[in-house]
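What follows is a set of notes on a single structure, which appears directly below.
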Amino acid sequence: MDFGLSDDQRAFQDAFAQCLTDFSSTSTVRRILDGDAAAARALQSRLNEVGATGIVVPPEHGGLGLGVLDAAIVFEMLGRYVAPVDLTGSVLTSIALSRSGSESQKAVWLRKLVEGTASFGTALTHAISDREGGIVSSVAGRLNGRSFMAACPPDSTHLLVPDSLGALWIVTRDSPGLRERQLVTVDRTRGFCTLEMEDVVAERLAHSGGGELLSELIAIARVLISADALGASQRMLEMAVAYAHDRKQFGVPIGSFQAVKHLCAEMAAEIEPCHALLWFASHSLDQRLPDAVVSACHAKARIADVSQFVARAATEVHGGIGFTDELGLHWWFKRIAVDRQLGGGPELIRAEAAWRQGWTDGPRHALALSEGRR
1 MDFGLSDDQR AFQDAFAQCL TDFSSTSTVR RILDGDAAAA RALQSRLNEV
51 GATGIVVPPE HGGLGLGVLD AAIVFEMLGR YVAPVDLTGS VLTSIALSRS
101 GSESQKAVWL RKLVEGTASF GTALTHAISD REGGIVSSVA GRLNGRSFMA
151 ACPPDSTHLL VPDSLGALWI VTRDSPGLRE RQLVTVDRTR GFCTLEMEDV
201 VAERLAHSGG GELLSELIAI ARVLISADAL GASQRMLEMA VAYAHDRKQF
251 GVPIGSFQAV KHLCAEMAAE IEPCHALLWF ASHSLDQRLP DAVVSACHAK
301 ARIADVSQFV ARAATEVHGG IGFTDELGLH WWFKRIAVDR QLGGGPELIR
351 AEAAWRQGWT DGPRHALALS EGRR
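The letter at position 215 of the sequence shown is residue 215 when you use the UniProt record's numbering, and the numbering goes up by one with no holes.
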């Protein structure tokens, strides 16, 4: 039995890696972050060409028809190259439409996603954790409420928003009554905002409602975020090892010093098991196994802790130059920091996992997802 990636999956991974090597090099990332719109469009166009926006869209609607595991492979590459794009919304919306959309909704929206004529952000935070004022209600096809830390890629045209009963809604970003307040985070490679909705007209996915599908979507989001953080961690480790080979002190590479050797070895030892953890969680979600959501919780919590350790240790290996903008190591460091909190921090997620396994009474948000109420 092969517990690793298949040859096809590795070829798929290599294809996306080559795409990002060509269109998301560190110099290109720097240009995009400095406002080079042409470079940003070129990257997004290339990702559309290789099928990034249609990874999980069924073939009958023009997509690749792959699963969460394959999407995680792509997200690992996005983190590795700190690509200034966020495909989370498009993947989650594709899955939501496939599982709960009407036939007409699938025909319209899935095709738009594949063609790149529609792209999605997501507003899930209000469904993941309790925060005063963070709730979205729906009445007669209109949404009211507020969602914090929504993923709002600059080029996205729509948002996927769940309401307090677990129903899923498609919202156009220029809808009357929708106000967005852009958030400034340490991670400049992705956009986030607070959403305020007042009688916003939205389209409900026909068969959505209740907490089960929403819980699955949150679990999938956590797996994708974990993959992004793992890719960034792997890259930081490689950069640290390369620097330890090149940087000399007292006439010898610093990598020959035992303290540096042990630090690099510890990073590698922490990262390696995370791949299996991520792959199993992804596989569980693809097969919709009974413990899939719990597996996603375990993967997100563990990878969040490991990636934080790697980010700090890799910076330590670099010494003072690791803090400079010229080197750019901070891009990965900051991306990992934001990934740690997206979808819930390790403490919140472990509490949810404990509740789902019957060990505690559970956090309020988990009960809300299960019972379809707050």
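Cβ atoms here follow ideal geometry from the backbone N, Cα and C, with glycine treated the same way.
Treat the numbers as computed from the prediction; the structure is a model and nothing was measured.
Under 9 Å between C-beta atoms of residue i and residue j
{"i": "Gly343", "j": "Ile170", "result": "no"}
{"i": "Gly328", "j": "Arg146", "result": "no"}
{"i": "residue 378", "j": "Ser25", "result": "Limits of the chain in this structure are 1 at one end and 374 at the other, which puts residue 378 out of reach."}
{"i": "Thr125", "j": "Leu92", "result": "no"}
{"i": "Glu60", "j": "Gly141", "result": "no"}
{"i": "Val311", "j": "Ile336", "result": "Contrary to the premise, residue 311 reads as Ala rather than Val in this sequence. Yes, Cβ-Cβ distance for Ala311 and Ile336 is below 9 Å."}
{"i": "residue 406", "j": "Leu205", "result": "Absent from the model: residue 406. The displayed extent of the chain is 1 to 374, so no value can be given."}
{"i": "Gly166", "j": "Gly231", "result": "no"}
{"i": "Phe75", "j": "Ala227", "result": "yes"}
{"i": "Leu87", "j": "Thr117", "result": "no"}
{"i": "Asp163", "j": "Ser129", "result": "no"}
{"i": "Arg188", "j": "Trp359", "result": "no"}
{"i": "Pro58", "j": "Ser90", "result": "no"}
{"i": "Ile220", "j": "Ile95", "result": "yes"}
{"i": "His283", "j": "Ala353", "result": "no"}
{"i": "Glu316", "j": "Leu263", "result": "yes"}
Supposed close pair residue i, residue j - CB separation, criterion 8 Å
{"i": "Met239", "j": "Ala314", "result": "6 Å"}
{"i": "Ala281", "j": "Val200", "result": "The Cβ separation is near 34 Å, so there is no contact."}
{"i": "Ala296", "j": "Leu285", "result": "6 Å"}
{"i": "Asp339", "j": "Ile225", "result": "5 Å"}
{"i": "Arg356", "j": "Val293", "result": "6 Å"}
{"i": "Leu43", "j": "Phe23", "result": "5 Å"}
{"i": "Arg181", "j": "Thr194", "result": "5 Å"}
{"i": "Gly62", "j": "Val56", "result": "Not a contact, Cβ separation roughly 12 Å."}
{"i": "Pro153", "j": "Arg190", "result": "7 Å"}
{"i": "Val306", "j": "Ser233", "result": "7 Å"}
{"i": "Leu47", "j": "Val85", "result": "7 Å"}
{"i": "residue 416", "j": "Phe192", "result": "Outside the displayed range of the chain (1 to 374) lies residue 416, so it cannot be described from this structure."}
Check: residue i C-beta below 8 Å from any heavy atom of the ligand ZN
{"i": "Val338", "result": "What this structure holds is no ligand at all, so the ligand ZN is not there to describe."}
According to DSSP, residues forming a beta bridge with residue i
{"i": "Arg179", "result": "Glu196"}
{"i": "Lys248", "result": "Pro253"}
{"i": "Asn48", "result": "Looking at the DSSP assignment, Asn48 forms no beta bridge with any residue, so it has no partner."}
{"i": "Glu203", "result": "Ile170"}
{"i": "Ala150", "result": "Cys193"}
{"i": "Gly121", "result": "Leu159"}
{"i": "Ser138", "result": "Leu143"}
Nearest to residue i (by Cα), restricted to the options the options
{"i": "His318", "options": "Trp109, Met236, Asp163", "result": "Met236"}
{"i": "Ser119", "options": "Leu160, Ser98, Ser104, Glu196", "result": "Leu160"}
{"i": "Ala83", "options": "Glu216, Glu198, Thr28, Glu49", "result": "Thr28"}
{"i": "Tyr81", "options": "Thr88, Thr21, Ser138, Asp130", "result": "Thr21"}
{"i": "Leu143", "options": "Gly134, Gly89, Ala227", "result": "Gly134"}
{"i": "Gly255", "options": "Thr157, Gly345, His245", "result": "His245"}
{"i": "Leu78", "options": "Gln18, Glu270, Gln308", "result": "Gln18"}
{"i": "Met197", "options": "Pro176, Ile32, Leu5", "result": "Pro176"}
{"i": "Leu278", "options": "Asp291, Cys264, His262, Ile303", "result": "Ile303"}
{"i": "Glu216", "options": "Phe250, Gly251, Leu183, Leu168", "result": "Leu168"}
{"i": "Lys334", "options": "Met267, Glu316, Thr185", "result": "Thr185"}
{"i": "Met267", "options": "Gln249, Lys112, Phe309", "result": "Phe309"}
{"i": "Thr157", "options": "Phe148, Arg131, Lys112, Ala127", "result": "Lys112"}
{"i": "Phe148", "options": "Pro346, Asp361, Gln341", "result": "Gln341"}
{"i": "Ala229", "options": "His275, Gln249, Ala269, Val252", "result": "His275"}
{"i": "Leu66", "options": "Gln287, Val139, Glu347", "result": "Gln287"}
{"i": "residue 375", "options": "Asp34, Gln13, Ala40, Leu33", "result": "Since the first residue of the chain shown is 1 and the last is 374, residue 375 is not available in this structure."}
Report yes or no: do the stretch 4 to 11 and the stretch 63 to 75 share at least 3 C-beta pairs separated by less than 8 Å?
-> Three or more pairs of CB atoms, one per stretch, sit closer than 8 Å, so the stretch 4 to 11 contacts the stretch 63 to 75.
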